[in-house]
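K.L.:
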Amino acid sequence: MRQERLSLVLSVGLLAGLAVVPLVTAANTVLNFLVFAMILALAAHGWNLLAGYAGQFSFGHAAFFGVGAYGGALLQMRAGINPWVAFLGGIMLAGIVGAVIGALSFRADLRGSYFSLVTLAFAEVLRILVNATPATGGAAGLLIPLDVRFANFQFASRAAFYWIALALVALVTLLMLVIENTRFGAYLTAIRENEDAARALGVDVFAEKIKAMTLSAAITGAAGGLYAQYFLYLDANIGFGPWISIEALVAPIIGGLGTAAGPLVGALALQMLGEMSKTVAGRIPGIDLVLFGLLLVLVIAFMRRGVVGQLQRLAMARGGA
Amino acid sequence: MLETHALTKHFGGLRAVDGATLSVEAGTITGLIGPNGAGKTTLFAMISGFEEPTSGTVTFAGEDVTRESAHKRARRGIARTFQIVRPFAGLTVRQNIAVGAYLRHPSRTDALRKAEEVAQQVGLAPQIDRPASELTVAGRKRLELARALAIEPKLLLLDEVLAGLNPSEIRDMLPVLRSVRDGGITILMVEHVMQAIMSLCDVVHVLAQGVMIAQGTPDEIARDPRVIEAYLGAGAAKRLEAARAHA
Ligand SMILES: Nc1ncnc2c1ncn2[C@@H]1O[C@H](COP(=O)(O)OP(=O)(O)OP(=O)(O)O)[C@@H](O)[C@H]1O
Ligand SMILES: [Mg+2]
């Protein structure tokens, strides 16, 4: 089975299964777990578009997560904009920040680890600025006022919020599956495989990278916006801290780099691992990060293209036999 | 179709190409030969937009393209292959060629159809669904050619597409190149395989140490003392002449 088909089947199966969970259980722990997994999957999808498809490894997707989160929160709190519209505004702001960071780095022709380091630096600068600026709540953070109404993007039922998050993940998965079958997608993979060869074939490498970066940032920004609406609290470390940059990249690598199903598969796996590490290892601080690191090493060593790649090989071995 | 005027490229103190003037007539196969390190690849890089010249101009179809970026020149119809092949290793042969085909065929169906057509033309049809990384040297050279053809160029720059092929593989490639020319694409080719140059080219230019030293038909070039000296060292032509007289 081709990877694209497998990703489609896997995504549809997982999303359908996930959609019925609230009908089976209303347990808060389960829904919290799943909402968080969806937020992570969305952030991971954004990172995967840029790194998995276009080959540009960002270490600073926290920048876009944070802009999406803070953008949405500040637009509703300070400008009085409806939270749904503010959410979209946050996504757009994240996209713009992505385009700007992309233009600066790609104009300077930063590639490989140089690009990674510069994105990390941008995220850190934003984190420090937001932490020091009173207008963004400073070190105390931002508390979005509780006002539970549908019109406010706040729900009494966790299930309702979860379904919206799930729908966003489904939408983005669909978008990735579509992109894989377009010229844009072909150009991104060409850039990933060999930039000069792509240029020789008429690909405007700079423009395509900017497009990828913008879309990638907007998607990860949506994850940030969801986070803000769900927890109604933000501080600079939540919004712009390295944790989200790391999780957004570990999930797709475990799930399957450059595959449409990878981010969701990886996000669920990571979340489960995080929960397990909490029950098994208790409250040793940072134990989940240690486990992520270990898992990452194992996946990179033994499973190219992560879980999805592994499943594909199994399917091919069976189909080919 | 293509003219370069006094094209020069310095790398630090090294004059890789020094005042190269050449013109390529539409509809021909033009050869560019010269010893290793003569500057042939560098000249190609300046024509295709991968290196910016230190001085001089490149004119394509009557327009000055000297400072234009590589992708814009590709869109104008200048295609190149790379001497050191650069396949999209993680993609299949079909996907590789399709990247080129997308330039003129934005829809996926059309691009994939075009890719299939080009694969057929260069003899890659049997491997079309194999990963590019599994191709042999000969296969990779064909893939370079196929991708370049897929952008439907007016001018095709071939940088040693026959290097590394065995004699029978070379024999298979010659008719392919002729068919490309007969299809209306002008070819400028760098090649060390003299048999190919002799049988394919209408005109040959010779570059040595960055300088254009001769041009003419393949027969004229093969007898030109300056060319013989460029390859075999100073005095070689005289020695050959003497040896011939002696015999
Ligand atoms: N990017 C570069 N930086 C510095 N020197 C370079 C660069 N590219 C080429 N050169 C030098 O310029 C000269 C011309 O190289 P070029 O590759 O154009 O020769 P060539 O005629 O294609 O040789 P070959 O037949 O071996 O392919 C060589 O001396 C080479 O070392
Ligand atoms: Mg060369």
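Protein chains in written order, with the numbering used here: chain E, 124 to 444; chain C, -6 to 240.
Ideal placement from N, C-alpha and C gives every residue a C-beta, glycine not left out.
1. If you draw a straight line from the alpha carbon of E:T312 to that of E:A164, how long is it in whole angstroms?
2. Hey, would you say C:R73 sits closer than 8 Å to C:F37, going by beta carbons?
3. Which residues in the same chain have their Cβ closer than 6 Å to the Cβ of C:K134, if we skip the five residues on either side of it in sequence?
4. Which residue or residues does DSSP assign as beta-bridge partners of C:M182?
5. Any heavy atom of ligand 2 closer than 7 Å to the CB of C:T74?
6. Could you pull out every residue in the same chain whose Cβ sits closer than 8 Å to the Cβ of C:T85, ignoring the five residues on either side in sequence?
7. For a contact defined as C-beta to C-beta under 9 Å, what are the partners of C:I178 on chain E?
8. Would you verify that the beta carbon of E:N205 is, or is not, closer than 8 Å to some beta carbon of chain C?
9. Considering only their Cβ atoms, is the gap separating E:A246 from E:G213 smaller than 8 Å?
10. Report yes if the C-beta distance between E:L211 and E:I342 is below 8 Å; otherwise report no.
11. Does C:P99 have its Cβ less than 8 Å from a Cβ in chain E?
12. Write down every uninterrupted run of the beta strand (DSSP E) in the region 43 to 126 of chain C whose length is 3 residues or greater and which is fully enclosed by it, in chain order.
13. Check whether chain E comes within 8 Å of C:Y314, counting only Cβ atoms and requiring the distance to be less than that.
14. Name the chain C residues whose beta carbon is nearer than 8 Å to that of E:Y176?
15. Please classify E:Q188: is it buried, with 16 or more other beta-carbons within 10 angstroms of its beta-carbon, or exposed?
16. Residue range of the beta strand (DSSP E) that C:D11 falls in?
17. Any idea what DSSP makes of C:H(-2), helix, strand or coil?
18. Closer than 9 Å by beta-carbon distance: list the chain E residues that pair up with C:L84, in chain order.
19. Could you check if E:L434 is buried or exposed, using at least 16 other CB atoms within 10 Å of its CB as the buried criterion?
20. Following a CB-centred definition, is C:T34 positioned closer than 7 Å to any heavy atom of ligand 2?
21. Mind checking which residues open and close the alpha helix (DSSP H) that includes E:G221?
22. When DSSP builds the beta bridges, which residues end up paired with C:V197?
23. According to the neighbour-count rule (16 or more other Cβ atoms, all chains shown, within 10 Å of its Cβ), is E:D319 buried or exposed?
24. For C:E56, count neighbouring C-beta atoms within 10 Å of its own C-beta (all shown protein chains included) and say buried if the count is 16 or more, exposed if not.
25. For E:G385 versus E:V422, is the C-beta spacing smaller than 8 Å?
26. Looking at ligand 1, does it come within less than 7 Å of C:L7, judged from the CB to the closest heavy atom?
27. In this structure, does DSSP put C:F4 in helix, strand or coil?
P.N.:
Taking the coordinates as given:
1. Here residue 312 of chain E corresponds to residue number 189 of the first sequence, with the count starting at 1. Here residue 164 of chain E corresponds to residue number 41 of the first sequence, with the count starting at 1. Each residue's Cα considered, the two are about 21 Å apart.
2. In the second sequence, counting from the first residue as 1, residue 73 of chain C sits at position 80. In the second sequence, counting from the first residue as 1, residue 37 of chain C sits at position 44. Against a cut-off of 8 Å, the Cβ pair of C:F37 and C:R73 comes out as a contact.
3. To locate residue 134 of chain C, count along the second sequence from 1; it is residue 141. Within the same chain, C:K134 has close Cβ partners V154.
4. Taking the second sequence and counting its residues from 1, the one referred to as residue 182 of chain C is at position 189. C:M182 has C:G24, C:L151 as its beta-bridge partners, per DSSP.
5. Position 81 of the second sequence holds residue 74 of chain C. No, the Cβ of C:T74 stays beyond 7 Å of every heavy atom of ligand 2.
6. To locate residue 85 of chain C, count along the second sequence from 1; it is residue 92. Excluding sequence positions up to five before and after C:T85, its CB lies within less than 8 Å of the CB of I121, D122, R123, P124, A125, all in the same chain and listed in chain order.
7. Counting from 1 along the second sequence, the entry for residue 178 of chain C is found at position 185. The contacting residues do not exist; C:I178 stays about 15 Å from chain E at best.
8. Position 82 of the first sequence holds residue 205 of chain E. It does not: the Cβ of E:N205 has no partner Cβ on chain C nearer than 8 Å.
9. For the purposes of this step, residue 213 of chain E is taken as residue 90 along the first sequence, with counting starting at 1. For the purposes of this step, residue 246 of chain E is taken as residue 123 along the first sequence, with counting starting at 1. No. Outside cutoff.
10. Looking up residue 211 of chain E in the first sequence gives position 88. Looking up residue 342 of chain E in the first sequence gives position 219. Their beta carbons are not under 8 Å apart, which means E:L211 does not touch E:I342 by this criterion.
11. Counted from its first residue, the second sequence places residue 99 of chain C at position 106. Yes, contact with chain E.
12. Within the region 43 to 126 of chain C, the complete beta strand (DSSP E) segments at least 3 residues long are 48 to 53, 71 to 73, listed from N- to C-terminus.
13. For chain C, the structure presents residues -6 to 240; residue 314 of chain C sits outside this window and is missing.
14. Taking the first residue of the first sequence as position 1, residue 176 of chain E is located at position 53. Under the 8 Å cutoff, chain C gives no residues; its nearest Cβ is about 11 Å from E:Y176.
15. On the first sequence, residue 188 of chain E is found 65 positions in, with the first residue counted as 1. As written in the sequence, residue 188 of chain E is Phe, which differs from the Gln given in the question. That one is buried.
16. Start at 1 with the first residue of the second sequence, and residue 11 of chain C comes out as number 18. Segment 7 to 17, the beta strand (DSSP E) holding C:D11.
17. Along the second sequence, one-based indexing puts residue -2 of chain C at 5. For C:H(-2), the secondary structure class from DSSP, reduced to helix, strand or coil, is strand.
18. Mapped onto the second sequence, residue 84 of chain C falls at position 91. Simply A309, T312, A313, E316.
19. For the purposes of this step, residue 434 of chain E is taken as residue 311 along the first sequence, with counting starting at 1. By the neighbour-count criterion, in which a residue is buried when 16 or more other Cβ atoms sit within 10 angstroms of its Cβ, E:L434 is buried.
20. Taking the first residue of the second sequence as 1, we reach residue 34 of chain C at position 41. Yes, Cβ of C:T34 sits closer than 7 Å to a heavy atom of ligand 2.
21. In the first sequence, counting from the first residue as 1, residue 221 of chain E sits at position 98. Start and end: 206 to 230.
22. Within the second sequence, residue 197 of chain C is the residue found at index 204, counting from 1. Partner residues in the beta bridge of C:V197, as assigned by DSSP, are C:G24, C:G209.
23. In the first sequence, the residue the question calls residue 319 of chain E occupies position 196. Residue burial annotation: E:D319 is exposed, with fewer than 16 other C-beta atoms found within 10 angstroms of its C-beta.
24. Within the second sequence, residue 56 of chain C is the residue found at index 63, counting from 1. Its Cβ having fewer than 16 others within 10 Å, C:E56 is exposed.
25. Your numbering for residue 385 of chain E matches position 262 in the first sequence. Your numbering for residue 422 of chain E matches position 299 in the first sequence. Going by C-beta atoms, E:G385 is not nearer than 8 Å to E:V422.
26. For the purposes of this step, residue 7 of chain C is identified with residue 14 of the second sequence, where counting begins at 1. Correct: C:L7 has its Cβ closer than 7 Å to ligand 1.
27. Here residue 4 of chain C refers to the residue found at position 11 when the second sequence is read from its first residue. Residue state, collapsed to three classes: strand.
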